[in-house]
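Below is one structure, written out as structure tokens, with a few remarks after it.
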Amino acid sequence: MKKELGIFILLIVLCIIVSIINPNFLLSINLQNLARQIGAFGIFSIGLGLVIITGGIELSVGSMMALLGVLLSMTLTEYGYGAAVAVLASIGLAMGLGLGHGLLITRLNMQPFIVTLCGLLFYRGLARFVTDDETKGFGAADYESLRFIANGNLFGVPMPFVLLLVIAAITWLVLHRSVYGRYLFATGRNSEAARYAGIDTKRIITLTYVISGALTAISGIIFAFYTNSVSPANHGNAYELYGIAAAVLGGCSLRGGEGSVVGILIGTALLQVLRNLVNLLGIPSSLDFAVMGAVILIGVMADQIFTERRNRRQVALMRELSAREAK
Amino acid sequence: MAGVSKRFPGVVALDNVSLSVGAGEIVALIGENGAGKSTLMKILGGAIARDNGTIKINSEPVEIRSPREASALGIEFIHQELSVLDNLDVAANIFLHREPTTAGFLKLINRKRIYSEADVLIHKLGLDISSRTPLDQLSLAQQQLVEIARALGAGARIIIMDEPTSSLMLSETRRLLEIIKDLKRQNVSIIYISHRMHEVEEIADRAVVLRDGKNAGTLQRSEITHERMVRMMVGRDLKEFFKGAAHERSSTTNGNGFIVRRLRTIRYPNHTITFDVAPGEVLGIAGLVGAGRSEVARAIFGVEEALETEVSLDGETLRITEPQDAISNGIYLVPEDRRLSGLIVDFNVRENISLPNLESYSSAKIISRAKESKAAAEAVKAINIKTPTPEMRAANLSGGNQQKVVLAKWLTFRPRVLIFDEPTRGIDVGAKAEIYELIRNLAAKGVSVIVISSEMEEVLGISDRIAVMHEGRLTGILNRAQFSEEAVMRLATGTEG
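Same order as they appear, the protein sequences are chains A and B.
If you number the first sequence the way the numbering used here does, the last residue is 310 and the count never jumps.
If you number the second sequence the way the numbering used here does, the last residue is 499 and the count never jumps.
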């Protein structure tokens, strides 16, 4: 919990600084926009965070979104299916791709980095091929329900943010209170010992990639309708890196077995506030990535220092105990 | 070393400890875990700094601030856990960090020289391999010899060996002890840390005993006996070490109990293993390292699939392909490597204990923290795990207490078969006695227990019957009346049966 508190304070401090320098930060239009971005990025970041907790990685998120996006547009506009069918197909396909990743990783013992890197290349190429590299849109037709999910507000709160909160609440319960969550942490920490404890680690890992696929699809639908057009070559480029950054910033360890839903949420928010800050403070947008890189580095560094201190305290406590016993 | 003290926050690890080694002398440093042996040796090896005291070599006071400085003074440390790099070959390991170079600033490694010199060094130690052999093709014992070769190659005058035989079996240990005697003849000083008393009896010129960070006494060559050492180490008698142990029993299980037939493992596909364990019986499995004992355990537990087997428990035939199959039938394994397979060391005690039994502490898959904590607290109390709280990370516990956590995991169930693979490796004398007692109590409750052990005393002391393996073959099963060190060794080395 301390971990999340640290970066939460960083987030608040950043918000205060930005709003002092440029009060426009607090305009409801800006806050709404920010929340919309946090929602859209947060949903797939949670999935990516779960994968990272297994000790894996998912690099194909951005490409998968491009592929799902163009297919969504084609099912709706070119083949004329209804919104419900298109959405279910999109989520189903993404879960299928996640299942594929999971099976390759657990059954063939392939490295997650390699499997999902191939996914990153493959899905991007596929998206460009099926569209002949043409940007796909949704035209002027009214897919009202879908547009509402991406651009609508519920009592003034952007829908993607509402969705994020719902998904986060469910994931929190699953990750931090359920048997599945504990198995996930055990598998990520030490899959050998988890297996010796009777956990079906292969199933747990595969399932996690499937969940990540589903969440990627939901984010993908939001992004597609938010931008209203999907350029197969650029849509979702580098989004996986935003997700990884948010997860790591939120306390997930790439070694696996560590992380929290709240942390990932705060991490996502921090990243989006940083992007917003670059805009509002008139920092050249070319520095965009540099600012993010620096803040992530500092955040992770501080966290590492705190963790080591906590460990040392526990070791000291054990020593005291053994000393007392010796007497 | 004289008057050496070291304080860690909250505890005095070493209090005014002295130790001396003459040239060509073998000094055994013994004591229970936590007695301060490792701390003392880390100070000598330059890994940590002392608070007080002096260190002299040839009556010259010296300062040792890093392992490098220790090495420059001719002090080499051979660790309990092998510190060789198994992705490199023998010569590369021996010359690591002091490679002779050619071609000036290019610093190319002089390959010709390292291979020829490494060959000489390893042959001197009786290692009959090429120095171009990759380390991962060597046995543990051979890798250890490579470490010794590295120490000698670095010009060691004092070699510290920390439990060098803990992963070796008897014949390998014998060879190592001969090599140590040979080093002594070459005037190398040896500081030998071991929990194995008969090794100390055999080779030590002197035994220095530490207890609770203080000198507890020194035994001269003629005074070194098993009993005196143990008494000095623990400050009390441990005669009743294996109390309540073993009784004679017939080997027939009448179809009850745990029966394994025609087990073939991937490592030794040409041999089949058949044995049975009655309810309430402790079956020891002895053998040399690499005899295939752990493979049998892993196959029974479903970690590695068996090529062929027929397993039955109380007359019911079981099919086990994954650990969860074994677990659901009440068959549990306490594995050899507790930090890698037995525990999740970054999990706390509570989470480790509840892990395999999580479903029973939860409703609708949501874990009840209250139920979980209660079970963990009960387990901690029941088998006396020394931890201030069940929320302590397992990594911070001592080896003995970690082993108890592994055991506690299974005791929250109702075990029917419990397999222990080297249950007391690297555990101090006091905790060992507690683990033996737990094993006997389990048997008394009707559990079929299998204990795989490389320690002769342990396997003779704890077992009702002993199955002995040699290179994948089950060479014999001894009844209590036939128990003797010689009988086990004959079967383990394959000279009989």
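We put the beta carbon where it would ideally sit given N, CA and C, even for glycine.
Figure out for me which residue from the options has the closest Cα to the Cα of residue i.
{"i": "residue 172 of chain A", "options": "B:469, B:400 and B:349", "result": "B:349"}
{"i": "residue 227 of chain A", "options": "A:179, A:42, A:9 and A:100", "result": "A:42"}
{"i": "residue 255 of chain A", "options": "A:272, A:84, A:46 and A:242", "result": "A:272"}
{"i": "residue 161 of chain B", "options": "B:377, B:186, B:331 and B:139", "result": "B:186"}
{"i": "residue 26 of chain A", "options": "A:290, A:281, A:248 and A:266", "result": "A:248"}
{"i": "residue 469 of chain B", "options": "B:369, B:290, B:384 and B:390", "result": "B:290"}
{"i": "residue 132 of chain A", "options": "A:209, A:298 and A:191", "result": "A:209"}
{"i": "residue 488 of chain B", "options": "B:429, B:307, B:288 and B:355", "result": "B:288"}
{"i": "residue 317 of chain B", "options": "B:440, B:263 and B:268", "result": "B:263"}
{"i": "residue 200 of chain A", "options": "A:76, A:301, A:65 and A:125", "result": "A:76"}
Can you have a look at residue i and say buried or exposed, based on whether 16 or more other CB atoms are within 10 angstroms of its CB?
{"i": "residue 91 of chain B", "result": "buried"}
{"i": "residue 164 of chain B", "result": "buried"}
{"i": "residue 149 of chain B", "result": "buried"}
{"i": "residue 222 of chain B", "result": "exposed"}
{"i": "residue 396 of chain B", "result": "buried"}
{"i": "residue 194 of chain A", "result": "buried"}
{"i": "residue -12 of chain A", "result": "exposed"}
{"i": "residue 11 of chain B", "result": "Residue placement at residue 11 of chain B is poorly supported in this model, since its pLDDT is 48, which falls under 50; the coordinates still yield a value, given next. Flag for residue 11 of chain B reads exposed."}
{"i": "residue 216 of chain A", "result": "exposed"}
{"i": "residue 313 of chain B", "result": "buried"}
{"i": "residue 197 of chain B", "result": "buried"}
{"i": "residue 494 of chain B", "result": "buried"}
{"i": "residue 292 of chain A", "result": "exposed"}
{"i": "residue 138 of chain B", "result": "exposed"}
{"i": "residue 393 of chain B", "result": "exposed"}
{"i": "residue 183 of chain B", "result": "exposed"}
{"i": "residue 99 of chain B", "result": "exposed"}
{"i": "residue 72 of chain B", "result": "buried"}
{"i": "residue 206 of chain A", "result": "buried"}
{"i": "residue 121 of chain A", "result": "buried"}
{"i": "residue 25 of chain B", "result": "exposed"}
{"i": "residue 169 of chain A", "result": "buried"}
{"i": "residue 239 of chain B", "result": "The pLDDT assigned to residue 239 of chain B is 48, lower than 50, so where the model puts this residue is not dependable; a value taken from the coordinates is nonetheless given after this. That one is exposed."}
Can you tell me where the alpha helix (DSSP H) with residue i in it begins and where it stops?
{"i": "residue 84 of chain A", "result": "66 to 90"}
{"i": "residue 206 of chain A", "result": "184 to 210"}
{"i": "residue 423 of chain B", "result": "Per DSSP, residue 423 of chain B belongs to no alpha helix (DSSP H); it is in the beta strand (DSSP E), 419 to 423."}
{"i": "residue 313 of chain A", "result": "In this structure chain A extends from -16 to 310, so residue 313 of chain A is not present and cannot be described."}
{"i": "residue 163 of chain B", "result": "Taken as a continuous stretch (DSSP letters only), residue 163 of chain B belongs to no alpha helix (DSSP H), being part of the beta strand (DSSP E) at 160 to 164."}
For residue i, return the contacting residues in chain A, with the cut-off set at a CB-CB distance below 7 Å.
{"i": "residue 398 of chain B", "result": "297, 298 and 301"}
{"i": "residue 348 of chain B", "result": "172 and 240"}
{"i": "residue 369 of chain B", "result": "160, 161, 162 and 165"}
{"i": "residue 361 of chain B", "result": "162"}
{"i": "residue 395 of chain B", "result": "297"}
{"i": "residue 181 of chain B", "result": "None at all; the shortest Cβ gap to chain A is about 34 Å."}
Pull up the DSSP beta-bridge partners for residue i, would you.
{"i": "residue 460 of chain B", "result": "None, per the DSSP bridge assignment."}
{"i": "residue 141 of chain A", "result": "A:136"}
{"i": "residue 286 of chain B", "result": "B:453 and B:468"}
{"i": "residue 318 of chain B", "result": "B:315"}
{"i": "residue 211 of chain B", "result": "B:32 and B:219"}
{"i": "residue 265 of chain B", "result": "B:275"}
{"i": "residue 58 of chain B", "result": "B:63"}
{"i": "residue 119 of chain A", "result": "A:213"}
{"i": "residue 204 of chain B", "result": "None, per the DSSP bridge assignment."}
For the beta strand (DSSP E) containing residue i, list its first residue and its last residue.
{"i": "residue 216 of chain B", "result": "216 to 222"}
{"i": "residue 95 of chain B", "result": "First-last for residue 95 of chain B: 92 to 96, but that is the alpha helix (DSSP H), not the beta strand (DSSP E)."}
{"i": "residue 71 of chain B", "result": "Unbroken run through residue 71 of chain B is the alpha helix (DSSP H), 69 to 74; no beta strand (DSSP E)."}
{"i": "residue 477 of chain B", "result": "475 to 481"}
{"i": "residue 338 of chain B", "result": "Run containing residue 338 of chain B: none; DSSP gives neither H nor E here."}
{"i": "residue 189 of chain B", "result": "Run containing residue 189 of chain B: none; DSSP gives neither H nor E here."}
{"i": "residue 429 of chain B", "result": "Premise fails: residue 429 of chain B is in no beta strand (DSSP E) and is neither H nor E."}
{"i": "residue 116 of chain B", "result": "Segment 113 to 126 is the alpha helix (DSSP H) holding residue 116 of chain B; no beta strand (DSSP E) there."}
{"i": "residue 79 of chain B", "result": "77 to 80"}
Can you pull the chain B neighbours of residue i, defined as C-beta to C-beta under 8 Å?
{"i": "residue 325 of chain A", "result": "With chain A covering -16 to 310 only, the question about residue 325 of chain A has no answer from this structure."}
So which residues of chain A does residue i contact, with C-beta pairs closer than 8 Å?
{"i": "residue 2 of chain B", "result": "Outside the shown range of chain B (3 to 499) lies residue 2 of chain B, about which nothing can therefore be said."}
{"i": "residue 404 of chain B", "result": "Within chain A, no residue comes near residue 404 of chain B; the closest Cβ sits about 12 Å away, beyond 8 Å."}
Just the chain D side, please: which residues come within less than 8 Å of residue i by C-beta, in chain order?
{"i": "residue 305 of chain B", "result": "Of the protein chains in this structure, namely A and B, none is chain D."}
Show which residues of chain A have a CB atom less than 9 Å away from the CB atom of residue i.
{"i": "residue 411 of chain B", "result": "180"}
{"i": "residue 329 of chain B", "result": "180 and 181"}
{"i": "residue 357 of chain B", "result": "165, 166, 169, 176, 177, 180, 181 and 182"}
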